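> With numbering that gives the first Met the number 0 applied, the sequence shown corresponds to residues 0 to 363, in that order.
All residues carry an ideal CB built from backbone N, CA and C; glycine is no exception.
Note that the structure is predicted; figures quoted are calculated from it, not measured.
I am attaching a structure below and will ask some questions about it afterwards.
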Amino acid sequence: MINLANPVIGVEEIDAVEAVLESGLLADGPEVRAFEREFADYCGAAHGVATSNGTTALHAALKALDIGAGDRVVTTPLSFVASANTIRLAGAEPVFADIDPDTYNLDPAATRAKVKAVDADAILAVHLYGLPAAMDALSEIAAEENVALIEDAAQAHGARYAGEPVGTFGDAAAFSFYPTKNMTTGEGGMVLTDHEAVADQAASFINHGRTGDDSYAHTRVGHNFRLTSLAAAIGRVQLDRLPEWVARRRENARRLTDGLAAVDGIETPHEPANRTHAYHQYTIRTPERDRLREQLTDRGVDTGVYYPTAIHQLAAYEGFDVSAPAAEAAAEEVVSLPVHPTLSDADLDRIVEATRRAVTHLRA
Ligand SMILES: Cc1ncc(COP(=O)(O)O)c(C=O)c1O
0 MINLANPVIG VEEIDAVEAV LESGLLADGP EVRAFEREFA DYCGAAHGVA
50 TSNGTTALHA ALKALDIGAG DRVVTTPLSF VASANTIRLA GAEPVFADID
100 PDTYNLDPAA TRAKVKAVDA DAILAVHLYG LPAAMDALSE IAAEENVALI
150 EDAAQAHGAR YAGEPVGTFG DAAAFSFYPT KNMTTGEGGM VLTDHEAVAD
200 QAASFINHGR TGDDSYAHTR VGHNFRLTSL AAAIGRVQLD RLPEWVARRR
250 ENARRLTDGL AAVDGIETPH EPANRTHAYH QYTIRTPERD RLREQLTDRG
300 VDTGVYYPTA IHQLAAYEGF DVSAPAAEAA AEEVVSLPVH PTLSDADLDR
350 IVEATRRAVT HLRA
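In structure tokens, the structure reads:
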């Protein structure tokens, strides 16, 4: 079976973890500070605050921007549920705007309309599959409507918009380092921001509301959402490899797209001119999605569906009044093929051939 994801952990990660174990500094510490600095530098952000996972990074970003009870945050219904759950966990209300069916990301016109209609306080944009959302248009809306802009970059390490890394367009951004992501720390996350006050608030919120260097000066209520030094050590090694891995993902995507161009009824991923897709997922679209998946499994190709249900259609979101036909249609038709950096050219050719044969079989 050609797996959908294949986290790469090498001898350097093992050595780095061993060094932390030997140091005895296992929880927060200098290793975490170094990872924060290096990841923020890689993205061109002024500040990084490492957290226990992407969910806690989003939660901390929202709290650091003072989003809470009574606030409304416009977001996409086509994402992992964490994007909307964290808005609710912060005490605010998610308001769903529909997606652009070509990019699977927030449609700027729908976003503007929702921001105005509900007098929103923030926009939470997701760079789904590793393709940056329309950051120029969304930044313009945020500025004109005077609302905060948060990037959910959990899937988009290494993606760029107009040449600039994602994570630097909003007031704050959140990344995930879950094992299937473009780089991993096991579990882990990071808040990025250019605003010192937002970074301070996030750092305090993930550390029981502690302020300053006094261990027992708690000026607000917070959580323990801290990253461990063990995880940070893995992350520092992975970050070194990220550019090479993203380049490989992009080459793999190009090979898949070239091969699938001749296959009828398959829509390959779009990459608008000024966006650099990081191909966390290589997502195609077909009305015969479920049957195609079965065929691909039989032919030894693992697939995934992100996501089979739009967030507002989940049981936990019953009662949310949402019109998002483009997101609902996409949820029925999208399927992701393997694109990770350890695939060989022969693997990629096998994926193309299996897809071609599967489609031929379904048409027969
Ligand atoms: C778009 C998106 N947002 C948030 C998250 C949450 O990250 P984590 O699983 O690290 O909590 C994920 C992870 O799957 C994600 O894909």
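1) Please identify the residue among ALA155, ASP65, TYR306, HIS339 whose C-alpha is closest to the C-alpha of ASP199.
2) Let me know the secondary structure DSSP gives MET189 once reduced to three states.
3) Do the CB positions of ALA96 and LYS115 come within less than 7 Å of each other?
4) Give me the DSSP bridge partner(s) of TYR160.
5) Is there a Cβ of chain D sitting closer than 7 Å to that of VAL334, yes or no?
6) Please report the distance separating the alpha-carbon of GLY90 from that of VAL48.
7) Given a threshold of 16 other Cβ atoms within 10 Å of its Cβ, counted over all protein chains shown, does ASP14 qualify as buried or as exposed?
8) When you compare only the Cα positions, how much space is there between ARG71 and ALA309?
9) Please work out which residues of its chain come closer than 8 Å, Cβ to Cβ, to ALA328, disregarding the five sequence neighbours upstream and downstream, and give them in chain order.
10) Under 6 Å from any heavy atom of ligand 1, does the C-beta of GLY53 make it?
11) Over the uninterrupted alpha helix (DSSP H) stretch that includes SER82, give me the two end residues.
12) Would you check if the distance between the CB atom of LEU336 and the CB atom of ILE350 is smaller than 7 Å?
13) Have a look at GLU332, VAL333, ALA325, ASP344 and flag the residue whose alpha-carbon is nearest the alpha-carbon of ALA109.
14) Let me know the secondary structure DSSP gives LEU130 once reduced to three states.
15) Does ligand 1 have a heavy atom nearer than 6 Å to the CB of ASP151?
16) Can you name the start and end residues of the alpha helix (DSSP H) that ALA39 belongs to?
17) Terminal residues of the continuous alpha helix (DSSP H) containing THR74?
18) Report, in whole angstroms, the separation of the C-beta atoms of ALA39 and LEU191, which I expect to be a contact under 8 Å.
19) May I ask which residues mark the beginning and end of the beta strand (DSSP E) holding PRO93?
20) Is VAL117 helix, strand or coil by DSSP?
21) I believe PRO340 touches ARG247 by the beta-carbon criterion, under 8 Å. Please report the beta-carbon distance rounded to the nearest angstrom.
22) Is it buried or exposed, SER343, if we count other Cβ atoms within 10 angstroms and call 16 or more buried?
23) Ligand 1 heavy atoms versus the CB of TYR177: any closer than 6 Å?
24) Less than 6 Å between the CB of GLN294 and some heavy atom of ligand 1, yes or no?
25) Taking the alpha carbon of ALA59 as the point to measure from, which residue in SER203, TYR278, HIS311 has its own alpha carbon closest?
26) Taking 6 Å as the cut-off, is the C-beta of SER78 nearer than that to any heavy atom in ligand 3?
27) For ARG284, tell me which candidate among GLU266, ARG292, GLU270 has the shortest Cα-Cα distance.
28) I need the DSSP call for PHE174, collapsed to helix, strand or coil.
According to the data block:
1) Walking along the sequence shown from the start, residue 199 turns up at place 200. Closest by alpha carbon: ASP65.
2) The count along the sequence shown starts at 1 and reaches residue 189 at position 190. In the structure shown, MET189 sits in a strand (DSSP, three-state: E or B).
3) Looking up residue 96 in the sequence shown gives position 97. Looking up residue 115 in the sequence shown gives position 116. Cβ atoms of ALA96 and LYS115: not closer than 7 Å.
4) As a first step, residue 160 is located in the sequence shown; it is residue number 161 there, counting from the start. Bridge partners of TYR160: GLU163, ARG274.
5) Looking at the structure shown, chain D is missing, and only one protein chain is on hand.
6) On the sequence shown, residue 90 is found 91 positions in, with the first residue counted as 1. On the sequence shown, residue 48 is found 49 positions in, with the first residue counted as 1. The alpha-carbon atoms of GLY90 and VAL48 are separated by roughly 21 Å.
7) Counted from its first residue, the sequence shown places residue 14 at position 15. It is exposed - the Cβ of ASP14 has fewer than 16 other Cβ atoms within 10 Å.
8) Reading the sequence shown from its first residue, position 72 is the one you call residue 71. Reading the sequence shown from its first residue, position 310 is the one you call residue 309. Computed Cα separation, rounded: 19 Å.
9) Position 329 of the sequence shown, counting from 1, holds the residue named residue 328. Hits under 8 Å: PRO100.
10) For this step, residue 53 is matched to residue 54 along the sequence shown. Yes, the beta carbon of GLY53 sits closer than 6 Å to at least one heavy atom of ligand 1.
11) Translated into the one-based positions of the sequence shown, residue 82 becomes position 83. Residues 81-88.
12) Here residue 336 corresponds to residue number 337 of the sequence shown, with the count starting at 1. Here residue 350 corresponds to residue number 351 of the sequence shown, with the count starting at 1. The answer is yes: Cβ separation under 7 Å.
13) Position 110 of the sequence shown, counted from the start, is the residue given in the question as residue 109. Per the Cα distances, ALA325.
14) Looking up residue 130 in the sequence shown gives position 131. Per DSSP, reduced to three states, the secondary structure at LEU130 is coil, with no helix or strand assignment.
15) Translated into positions along the sequence shown, residue 151 becomes position 152. Yes, the beta carbon of ASP151 sits closer than 6 Å to at least one heavy atom of ligand 1.
16) Taking the sequence shown and counting its residues from 1, the one referred to as residue 39 is at position 40. For ALA39, the enclosing alpha helix (DSSP H) has its first and last residue at 29-42.
17) The residue you call residue 74 lines up with position 75 of the sequence shown. Segment 71-74 is the beta strand (DSSP E) holding THR74; no alpha helix (DSSP H) there.
18) Position 40 of the sequence shown, counted from the first residue, corresponds to residue 39. Position 192 of the sequence shown, counted from the first residue, corresponds to residue 191. Between LEU191 and ALA39 the Cβ distance is about 6 Å, and since that is below 8 Å, they are a contact.
19) Here residue 93 refers to the residue found at position 94 when the sequence shown is read from its first residue. Unbroken beta strand (DSSP E) run through PRO93: 92-95.
20) Your numbering for residue 117 matches position 118 in the sequence shown. Reduced to three states, the DSSP call for VAL117 is helix.
21) Looking up residue 340 in the sequence shown gives position 341. Looking up residue 247 in the sequence shown gives position 248. Sure, about 4 Å apart at Cβ, within 8 Å.
22) The sequence position of residue 343 within the sequence shown is 344, counting from 1. With fewer than 16 other Cβ atoms within 10 Å, it is exposed.
23) Along the sequence shown, one-based indexing puts residue 177 at 178. Yes, the Cβ of TYR177 comes within 6 Å of a heavy atom of ligand 1.
24) Position 295 of the sequence shown, counted from the start, is the residue given in the question as residue 294. Answer for GLN294: no, Cβ out of range of ligand 1.
25) Within the sequence shown, the letter at position 60 stands for residue 59. Comparing Cα-Cα distances from ALA59 to each of SER203, TYR278, HIS311, the minimum goes to SER203.
26) Inclusion of ligand 3 in the displayed structure is not the case, the ligand content consisting of ligand 1 alone.
27) Position 285 of the sequence shown, counting from 1, holds the residue named residue 284. Of the candidates GLU266, ARG292, GLU270, the one whose C-alpha sits nearest the C-alpha of ARG284 is GLU266.
28) By 1-based counting over the sequence shown, the position of residue 174 is 175. Here PHE174 sits in strand by DSSP.
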